[in-house]
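> After the structure tokens below, expect a handful of questions from me.
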Amino acid sequence: MKQNKHRFINLNSKLIALLLFILFSNCSRNSEATRFTSEIKFRQYYVQGQLLYEQHCSNCHQKDGSGLGLLYPPLNHSDYMDQNFEKVICMMKYGIKGELVINGKSYNKEMPGVLSLSDLEVTEIATYIYNTWSHQKDSIDISGITRILNQCSQQ
Amino acid sequence: MNKTKSFSRYAVVCSLLVILFSACTKPEKTLPIFGERNIEGSDTIYHTIAPYSFVDQDSSVITNATFKDKIYVADFFFTSCRTICPIMKTQMLRVYEAKLSDPEVLLLSHSIDPEYDTVGLLHDFAGRLGVKSEKWHFVTGNKEDIYKIAQTSYFATAMEDKSEPDGFIHSGAFLLIDKNQRIRGKYDGTKDDDVNRLLNDIERLKKEYEAK
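Given below as structure tokens:
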């Protein structure tokens, strides 16, 4: 009887261990899967972003993001970009006028916006410019971009 | 017998030397001269840049005389252009930097939107680009005159077209003009390789004048 009880406990603990194992392995596989999809998403945004950057932005800001003189500000190293994420998102679509001080230098040429850009396209460009050159912002979420864009269009 | 053998050997060495020398001294081909030409008596009259008068970023009057005894590179652009002009200006800046200390070479950029691109605006533009006025003239003037000289003197396309994103059609060409106001080369001002060729041709053109 005593031995039987022992066996039962033994079986029980084995079962629990197995259950725990299944649970854990499932869990970790799940989080890995999420990480995997988010990484694919990031890469898709990045690749599309680069194409869009070269189509809409690099004529002035240059492919290497170095800008041109005091006409077109650099993006590769830019304290302004680091400190004004939301403004940068807005100006891609709606443009900007007036003086901007970037890395201590004054720029004052109107930048026309690209009104045709969708929220997704702005997210893609942002993913590209904020993860290239000196920037490492990681993945940028489209819902956050939509929220920012809705606010700037209200201005 | 021996004599003929040594003679033929001598002949072979000689002809080899001749071939070698002719290969060495083969003159570099001169650059082509663009446009129509007319023969008047014993002279050939080449196409040259017609007389013009524009105003640059310092309000100085710029005419053909400004480029007397100078080689210059000309192009057409406008400051508010977002398409090819910024690339052209990046490339022209390369030419500027390469020839900055060469007094024989000047640059001339014509605005094809002269009503918007006033002297003040061009002054600001050149200043922001960080270039010297005496080396690189940005000119504005009568719109019709600029379009006409673009098309009939420089063979470059420049016209207004409201259906274009920026409102103008124009070529991205850089034109190499010699000291006799003749066109000696045409390059795509948006392409690195073509601008390298231009830099090389400027040196070839200079040699042509040195040889005279």
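As they're listed, the protein sequences go chains A and B. Numbering of the first sequence is given in this note's numbering, commencing with residue 1 and proceeding in unit increments. Numbering of the second sequence is given in this note's numbering, commencing with residue 1001 and proceeding in unit increments. Note that the Cβ used here is the ideal one computed from N, Cα and C, for glycine as well. Since this is a predicted model, take the numbers as computed values, not measurements.
Count the other C-beta atoms from every protein chain shown that fall within 10 angstroms of the C-beta of Lys93 of chain A, then say buried if there are 16 or more, exposed otherwise.
Buried.
> Which residues of chain B have a Cβ atom closer than 9 angstroms to the Cβ of Gln62 of chain A, listed in chain order?
Pro1086, Ile1087, Thr1090
> Is Leu100 of chain A near Pro73 of chain A, with beta carbons less than 8 angstroms apart?
yes
> Residues in the segment 63-87 of chain A with C-beta within 7 angstroms of chain B's C-beta atoms, listed in sequence order?
Leu68, Gly69, Leu70, Leu71, Tyr72
> Along the segment 44-63 of chain A, what residues have a CB closer than 8 angstroms to any CB found in chain B?
Asn59, Cys60, Gln62
> Cβ of Glu1104 of chain B within 8 angstroms of Cβ of Lys1206 of chain B?
Their beta carbons are under 8 angstroms apart, which means Glu1104 of chain B touches Lys1206 of chain B by this criterion.
> Can you tell me which residues form a DSSP beta bridge with Glu1160 of chain B?
B:Phe1168
> Let me know if Ser1008 of chain B comes out buried or exposed under the rule of 16 or more other beta-carbons within 10 Å of its beta-carbon.
exposed
> Would you list the residues sitting across from Gly1185 of chain B in a DSSP beta bridge?
BP columns for Gly1185 of chain B point to B:Leu1176.
> Contact between the segment 1059-1077 of chain B and the segment 1031-1044 of chain B is defined here as three or more beta-carbon pairs at a separation below 8 angstroms; is this criterion met?
No contact exists between the segment 1059-1077 of chain B and the segment 1031-1044 of chain B.
> Rounded to whole angstroms, what is the Cα-Cα separation between Asp79 of chain A and Met91 of chain A?
16 angstroms
> Check each residue of the segment 1112-1138 of chain B: if its Cβ is closer than 9 angstroms to any Cβ of chain A, include it; give the result in chain order.
Here the close residues are Asp1124, Phe1125, Gly1127, Arg1128, Leu1129, Gly1130, Val1131.
> For Arg1197 of chain B, would you say it is in contact with chain A, using Cβ-to-Cβ distances shorter than 8 angstroms as the test?
no
> Taking C-beta pairs closer than 8 angstroms, name the residues in chain A that Arg1214 of chain B reaches, listed in chain order.
Because chain B here runs from 1001 to 1212, residue 1214 of chain B falls outside it and cannot be looked at.
> On a CA-only basis, which of A:Gln44, A:Lys14, A:Ser13 is nearest Tyr128 of chain A? Give me that one, please.
A:Gln44
> Going by alpha carbons, who is nearest to Val122 of chain A out of A:Asp138, A:Asn131, A:Gln136, A:Ile145?
A:Ile145
> Assuming Thr1030 of chain B and Glu1208 of chain B form a contact by the criterion Cβ under 8 angstroms, report the distance between their Cβ atoms to the nearest whole angstrom.
6 angstroms
> Let me check one thing: in DSSP terms, what residues is Tyr1046 of chain B bridge-paired to?
B:Arg1037
> Report the CB separation of Phe1155 of chain B from Phe1034 of chain B in whole angstroms; it is logged as a contact under 8 angstroms.
7 angstroms
> From this set, A:Asp82, A:Ser38, A:Ile89, which residue's C-alpha is nearest His135 of chain A's C-alpha?
A:Asp82
> Do Phe1054 of chain B and Ile1112 of chain B have their C-beta atoms closer together than 8 angstroms?
Contact flag unset, no.
> Alpha carbon to alpha carbon, what distance is there between His1110 of chain B and Ala1158 of chain B?
10 angstroms
> Can you give the Cα-Cα distance for Thr1140 of chain B and Arg35 of chain A, rounded to whole angstroms?
Arg35 of chain A has its alpha-carbon roughly 57 angstroms from the corresponding atom of Thr1140 of chain B.
> Whose C-alpha, out of A:Ser66, A:Lys87, A:Tyr46, A:Ile96, is nearest the C-alpha of Arg147 of chain A?
Here the closest residue by C-alpha is A:Lys87.
> Using CA coordinates, which residue listed in B:Asp1056, B:Tyr1072, B:Val1013 is at the minimum distance from Val1119 of chain B?
B:Asp1056
> Does DSSP put His1123 of chain B in a helix, a strand or coil?
In this structure, His1123 of chain B counts as helix in the three-state DSSP scheme.
> Excluding sequence positions up to five away, which residues of its chain have a Cβ less than 6 angstroms from the Cβ of Cys75 of chain A?
Reading off the sequence shown, one finds Leu at residue 75 of chain A, where the question assumed Cys. Excluding positions up to five away in sequence, the list reads His61, Gly65, Ile129.
> Is the beta carbon of Gly1185 of chain B less than 8 angstroms from the beta carbon of Leu1199 of chain B?
no
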